[in-house]
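Have a look at the structure below, then the notes.
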Amino acid sequence: MAFRARALVVILLSLGLMTVCSQARFHFHHHRNKKHRHSHSHPGSQISLPPSPPPEASPPPDYDDDHVFDVRAFGAVGDGIADDTEAFKAAWDAACTSSTQLADLSSAIVMLPSGYSFMIQSTIFTGPCQTAIVVQVDGVLMPPDGPDNWPSNLSRRQWLVFYRVDGMSLQGGGLIDGRGEEWWNLPCKPHKGASGTIMQEPCDSPVAIRFFMSNNLTVEGLRIRDSPKFHFRFDNCSSVYIDSIRITAPPLSPNTDGIHIENTDNVQIYNSVIANGDDCVSIGSGCYDVDIRNLTCGPGHGISIGSLGNRNSRACVWNVTVRDSVIKQSDNGVRIKTWQGGSGAVSGVRFSNIHMDNVRNSIIIDQFYCLTKECSNQTSGVYVSDIEYTSIKGTYDIRSPPMHFACSDSVPCTNITLSDIELLPSQGDIVLDPYCWNAYGGLESLTIPPVYCLLDGVPGSLLETQIGYC
1 MAFRARALVV ILLSLGLMTV CSQARFHFHH HRNKKHRHSH SHPGSQISLP PSPPPEASPP
61 PDYDDDHVFD VRAFGAVGDG IADDTEAFKA AWDAACTSST QLADLSSAIV MLPSGYSFMI
121 QSTIFTGPCQ TAIVVQVDGV LMPPDGPDNW PSNLSRRQWL VFYRVDGMSL QGGGLIDGRG
181 EEWWNLPCKP HKGASGTIMQ EPCDSPVAIR FFMSNNLTVE GLRIRDSPKF HFRFDNCSSV
241 YIDSIRITAP PLSPNTDGIH IENTDNVQIY NSVIANGDDC VSIGSGCYDV DIRNLTCGPG
301 HGISIGSLGN RNSRACVWNV TVRDSVIKQS DNGVRIKTWQ GGSGAVSGVR FSNIHMDNVR
361 NSIIIDQFYC LTKECSNQTS GVYVSDIEYT SIKGTYDIRS PPMHFACSDS VPCTNITLSD
421 IELLPSQGDI VLDPYCWNAY GGLESLTIPP VYCLLDGVPG SLLETQIGYC
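The structure is reproduced here in structure tokens:
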């Protein structure tokens with residue numbers, strides 16, 4: 001049988017951004033994928049306790065053996081040393097081409113049993129499959145240990161890729177170990193130069209788990225740690241449900257975003273814990289209908305929309321809700337970041353019922369985002385509008401103002417709404433001067449600290465143009 005998991009690296013490396021444009025919608029949606037077995041009842045608004053860790057590994061479910069494809073049956077050794085790549089490919093192909101249609105499961109199960117550690121190389125698992133697939137990770141799954149052990153003929157941009165799959169679950173009580181430390185220590189990663197400045201040169205490091213052009217996806221119950229780069233990335237996907245996962249990496253590990261989505265819609269991220277060296281969740285261009293609830297984030301860089309508009313690109317993001325969550329010991333809280341020179345719009349965003357614990361830049365819009373000091377002012381920008389901040393409370397690090405609204409000179413932010421904001425310094429004196437620049441909006445209640453710098457009304461320049469239309 002020809003392996004369906006084959007090298008499609010050229011396709012993936014040539015991936016271009018797909019701009020998704022539509023009229024902004026500001027409402028909460030319900031998950032449309034009926035295959036997922038989860039409830040959509042939402043409790044009343046309250047600051048949630050940090051979610052409990054996902055359950056420890058338990059014995060695999062007693063599935064009908066006719067529909068379980070145990071990787072050991074295809075030659076996997078599971079000692080953490082032997083290369084089990086071909087066994088995984090064979091198990092995936094067998095499951096993908098099976099005609100399983102059970103009334104109670106409707107899935108073929110690729111089984112990684114507990115008590116084993118499986119090492120596999122960079123691989124692309126390809127659909128479409130004849131049935132829904134469950135990849136049940138109850139053991140340990142890992143890549144080769146560091147760049148020196150990574151085959152030179154394989155892509156260094158991703159480790160495991162699921163391509164054109166419809167109806168897949170990645171789940172279990174096991175561990176995905178990215179073994180990223182040697183990648184973080186590469187000389188091309190951010191480091192201090194002789195003068196004390198931060199130096200960085202381009203280099204590739206693999207994303208741990210990537211879903212590309214796939215729909216109706218579930219990721220549930222897993223632990224994943226120490227990815228060389230992003231832990232999860234979703235590109236050009238629809239209907240993504242993530243629940244009860246735990247992502248960990250050291251606070252100084254570079255570019256280790258927990259979950260990154262790009263050109264992806266109908267995303268739900270619930271009841272999870274992320275502590276890493278970059279954004280807990282980053283939302284890229286082309287994303288809409290995103291709901292994040294009961295997330296514990298930090299240490300890290302917070303929850304971010306962006307960065308958007310890099311290299312004068314067009315970016316559209318709308319209908320995003322982040323609620324009932326905790327952000328702690330983080331460089332940022334809830335953030336929108338855009339480059340100068342871009343176009344498009346961010347609209348219909350609601351941050352609600354979020355607890356901050358010693359967070360710098362607890363609330364921040366930065367339309368001057370730049371990784372160096374050499375970015376020049378430009379006359380275009382991504383239009384940011386209809387942003388609501390409600391019931392955001394806790395403590396901030398006084399090294400930065402707790403609220404920072406830095407909007408473009410030419411494309412100001414509009415309709416920023418603040419309600420029930422109570423942010424106090426974790427130590428030291430209260431910062432009485434939240435920062436605003438070209439930011440329009442208003443207060444629905446008094447805030448702590450007080451905010452007097454938002455401008456009233458709508459700027460005349462926007463009344464005469466269609467800046468930011470998506």
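Residue numbers (the UniProt record's numbering): 1 to 470.
No residue lacks a Cβ here, since even glycine has one placed at the ideal position from N, Cα and C.
Judged by DSSP in its simplified three-state form, Cys-413 adopts strand. The stretch 202 to 213 makes contact with the stretch 221 to 234: 3 or more CB pairs, one atom from each, lie closer than 8 angstroms. Excluding residues up to 5 positions away in sequence, Pro-60, Val-68, Phe-69, Asp-70, Val-71 and Gln-136 lie with their Cβ nearer than 7 angstroms to the Cβ of Met-111 in the same chain. Assignment of beta-bridge partners to Glu-444 by DSSP yields no partner. Using a Cβ distance threshold of 8 angstroms, Cys-280 and Gly-306 do not count as a contacting pair. Within the same chain, Ala-57, Leu-112, Ser-114, Val-137, Asp-138, Gly-139, Val-140, Leu-141, Leu-222 and Arg-223 come within 8 angstroms of Gly-174 by CB-CB distance, once the 5 residues on both sides are set aside. Rounded to whole angstroms, Thr-248 and Ile-416 show a C-alpha spacing of 33 angstroms. In the DSSP assignment, Ala-275 falls within the beta strand (DSSP E) that extends over 265 to 275.
Linking Ala-91 to Phe-125 through their CA atoms gives a straight-line distance of about 11 angstroms. The way I'd put it, the stretch 327 to 334 doesn't touch the stretch 368 to 380; fewer than three beta-carbon pairs between them come closer than 8 angstroms. Closest by C-alpha distance to Ala-108, out of Val-134, Arg-350 and Pro-425, is Val-134.
Judged by DSSP secondary structure, Phe-88 falls within the alpha helix (DSSP H) whose first and last residues are 85 to 96. Its Cα nearest to that of Gln-427, the residue Asp-357 stands out among Cys-453, Asp-357 and Val-322. Bridge partners of Ile-176 according to DSSP: Leu-141 and Ile-224. The beta-carbon separation of Ala-275 and Gly-298, rounded to 6 angstroms, stays under the 8 angstroms limit for a contact.
Ranked by Cα distance from Arg-179, the options Cys-188, Pro-144 and Asn-153 are led by Pro-144. Burial is judged here by how many other beta carbons sit within 10 angstroms of a residue's own beta carbon; Ser-330 has at least 16 and is buried. Assigned with DSSP and collapsed to three states, Asn-358 falls in strand. Under the DSSP assignment, Glu-181 falls in the alpha helix (DSSP H) whose first and last residues are 181 to 184. Under the DSSP assignment, Thr-123 falls in the beta strand (DSSP E) whose first and last residues are 123 to 126.
Asp-84 has its alpha-carbon roughly 7 angstroms from the corresponding atom of Val-77. C-alpha of Ser-253 to C-alpha of Trp-184: approximately 6 angstroms in a straight line. Rounded to whole angstroms, Cys-436 and Glu-388 show a C-alpha spacing of 16 angstroms. Taking C-alpha positions only, Val-207 is separated from Asn-255 by approximately 10 angstroms. Excluding the 5 residues flanking it on each side, Asp-324 has same chain C-beta neighbours closer than 6 angstroms at Ser-48, Arg-293, Asn-294 and Asn-353, in chain order. Counting only residues of its own chain and dropping the five nearest sequence neighbours on each side, Ala-87 has a CB closer than 7 angstroms to the CB of Val-71, Phe-74, Gly-75 and Ala-76. Residue pairing by DSSP puts Thr-296 in a beta bridge opposite Val-273 and Val-326. The three-state reading of DSSP puts Gly-457 in coil, since its state is none of H, G, I, E or B.
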